Amino acid sequence: MRPSDDAIHSVPGTSIPRRAMGTAPSERMSGIGTRDRTKEAFEELARNELPGLYSLARRLVRDGAEDLVQEALLQGYRGFGTLKMDAAAGRWLKTILVNVFRDQLRKRARSVEEVAAGDLDDFSLYRTLIDEDPFPYSDSLHTDFLGTFGREDLREVLLRLPDIYRAPLVLRYMDGFSTKEIARQLEAPLGTILARLHRGRNLFERTMWAYAQESGLTPRGDHDG
Amino acid sequence: MGEMTTAIPCSDAVRKLWDYLDHAIAPEDQEKVEHHLSFCRRCCGELEFAKEIRRFLASGSSEEIPIEVKARLERFVEEL
Numbered sequence: 006m007r008p009s010d011d012a013i014h015s016v017p018g019t020s021i022p023r024r025a026m027g028t029a030p031s032e033r034m035s036g037i038g039t040r041d042r043t044k045e046a047f048e049e050l051a052r053n054e055l056p057g058l059y060s061l062a063r064r065l066v067r068d069g070a071e072d073l074v075q076e077a078l079l080q081g082y083r084g085f086g087t088l089k090m091d092a093a094a095g096r097w098l099k100t101i102l103v104n105v106f107r108d109q110l111r112k113r114a115r116s117v118e119e120v121a122a123g124d125l126d127d128f129s130l131y132r133t134l135i136d137e138d139p140f141p142y143s144d145s146l147h148t149d150f151l152g153t154f155g156r157e158d159l160r161e162v163l164l165r166l167p168d169i170y171r172a173p174l175v176l177r178y179m180d181g182f183s184t185k186e187i188a189r190q191l192e193a194p195l196g197t198i199l200a201r202l203h204r205g206r207n208l209f210e211r212t213m214w215a216y217a218q219e220s221g222l223t224p225r226g227d228h229d230g
Numbered sequence: 012m013g014e015m016t017t018a019i020p021c022s023d024a025v026r027k028l029w030d031y032l033d034h035a036i037a038p039e040d041q042e043k044v045e046h047h048l049s050f051c052r053r054c055c056g057e058l059e060f061a062k063e064i065r066r067f068l069a070s071g072s073s074e075e076i077p078i079e080v081k082a083r084l085e086r087f088v089e090e091l
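First to last, the sequence lines map onto chains A and B. First residue of the first sequence? That's 6 in this note's numbering, and the numbers climb one at a time after it. First residue of the second sequence? That's 12 in this note's numbering, and the numbers climb one at a time after it.
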């Protein structure tokens, strides 16, 4: 059991999560130097977490990843005094980043278009690869197909998914958050997150296939006859 | 009343595979999926491919941060 799962909660009325119990050392200390010590600790935490935060931001947004990280760092610093330092700090910062992302989505007021499950469920990338056989001389067709995707190809496929499907997929399967955590981060009912994960997976496979064809990762039609 | 059958078609089994791997399905559904996998070679292939896609996704979670971006963000933190 991860100790972090149930220990972090959102502060009501804000998007800054904090530990529900306990008083941070910085709150118990007073006098000159307290701010410096808190600042030093936050700087160290931020330095360690920058690669992970930036990577997550790049998978959540096409443009503005750096701005997203900056806003998360700003909010994180403001709430840092209430965080009891432990191994969960990295996930705490990532959660703040997801909260910022969620708030940005709401500000953009994009209409949320759910894809009907029936439109997606019939697609199977596994079967499509067998039927289309893009690598006729391969003994490991499916592995070879995935092997054609570089890191940027994967990012492009993810970014082609609607936000509401991409975010749960990224958070669950790339950053290891539980579905309950994702529901809290995105402020959506658990059932909604589960449904979006299901549709997101289907959409992801479908988009991988379309992207591979249009970008030349798989040869098109030159193995016929 | 006959016994409840555990047989499900391939479409149902495939639809449940990721949830099965996530341990996010009801015990009775898990039993149905496992029963189906015990005889359906094609769905076993689907299962293995689902595992590969999950590994593929997980492998994309780490990314080098460009030096100049890292430097800018570190300066930002120092200025807080």
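Glycine included, every Cβ here is placed at the ideal spot set by N, Cα and C. Since this is a predicted model, take the numbers as computed values, not measurements.
Next item on the list: Helix, strand or coil for A/Ser143, going by three-state DSSP, please let me know.
Entry: coil
Note to self: Using only CA atoms, which one of A/Phe47, A/Leu146, A/Asn207 lies nearest to A/Gly86?
What the structure shows: A/Phe47
Next item on the list: Give the residues from the stretch 50-70 of chain A that approach chain B closer than 7 Å (Cβ to any Cβ), ordered along the chain.
Entry: Ala51, Arg52, Leu55, Pro56, Tyr59, Ser60, Arg63
Notebook entry, point to check: Helix or strand or just coil, what does DSSP make of A/Ile187?
Noted result: helix
Next item on the list: In the DSSP assignment, find the unbroken alpha helix (DSSP H) run with A/Phe106 in it and report its ends.
Entry: 94-113
Notebook entry, point to check: Under a three-way DSSP split, which group does A/Gly196 fall into?
Noted result: helix
Checklist line | Pair within 7 Å by beta-carbon distance, B/His47 and B/Cys54 | finding: yes
Next item on the list: Using 10 angstroms around the beta-carbon of A/His203, count the other beta-carbons present and answer buried if the total reaches 16, otherwise exposed.
Entry: buried
Check: Given a threshold of 16 other Cβ atoms within 10 Å of its Cβ, counted over all protein chains shown, does B/Ser73 qualify as buried or as exposed?
Finding: exposed
Margin query: For a quick check, are the C-beta atoms of A/Leu102 and A/Ala70 less than 7 Å apart?
Written below: no
Next item on the list: Using the Cα positions of A/Asn53 and A/Thr133, report the straight-line distance between them to the nearest angstrom.
Entry: 42 Å
Check: Is it buried or exposed for A/Glu157, if we count other Cβ within 10 angstroms and need 16 for buried?
Finding: exposed
Note to self: Let's test the definition: count the other Cβ atoms within 10 Å of the Cβ of A/Phe128 and tell me whether it reaches 16, buried, or not, exposed.
What the structure shows: exposed
Note to self: With a threshold of 8 Å, are at least 3 pairs of Cβ atoms found where one atom belongs to the stretch 20-30 of chain B and the other to the stretch 157-169 of chain A?
What the structure shows: no
Item checked: the stretch 64-88 of chain B: positions lying closer than 8 Å to chain A by Cβ -> Ile64, Arg65, Phe67, Leu68, Ala69, Gly71, Ser72, Ser73, Glu74, Glu75, Ile76, Val80, Lys81, Arg83, Leu84, Glu85, Phe87, Val88
Notebook entry, point to check: From this set, A/Arg42, A/Arg64, A/Pro224, A/Ala51, which residue's C-alpha is nearest A/Arg177's C-alpha?
Noted result: A/Arg64
Checklist line | Any C-beta of chain A under 7 Å from that of B/Glu90 | finding: no
Next item on the list: Measuring only between beta-carbons, confirm whether B/Glu57 sits less than 7 Å from chain A.
Entry: yes
Margin query: Nearest by alpha-carbon distance to A/Asn104: which of A/Leu88, A/Lys89, A/Ala93, A/Gly81 is it?
Written below: A/Gly81
Margin query: For a contact defined as C-beta to C-beta under 8 Å, what are the partners of A/Gln75 on chain B?
Written below: Leu84, Phe87
Margin query: For a contact defined as C-beta to C-beta under 9 Å, what are the partners of A/Thr87 on chain B?
Written below: Those do not exist, as A/Thr87 stays about 16 Å from chain B at its closest Cβ, beyond 9 Å.
Check: For the alpha helix (DSSP H) that B/Lys43 lies in, which residues bound it at each end?
Finding: 38-48
Margin query: Tell me the DSSP secondary structure of A/Ala77 in three-state form.
Written below: helix
Item checked: Cα-Cα separation between A/Met26 and B/Lys81, rounded to whole angstroms -> Reliability fails at A/Met26, whose pLDDT of 35 lies under 50, so the model's placement of it is uncertain and the value that follows must be treated cautiously. Rounded to the nearest angstrom, the two C-alpha atoms are 33 Å apart.
Checklist line | 7 Å Cβ cutoff, A/Glu157 in contact with chain B | finding: no
Next item on the list: Find the nearest neighbour of A/Gln218 within the set A/Ala200, A/Leu151, A/Ile187, A/Met179, judged by alpha-carbon distance.
Entry: A/Leu151
Check: Buried or exposed: where does A/Ser220 fall if 16 or more other Cβ atoms within 10 Å of its Cβ makes it buried?
Finding: exposed
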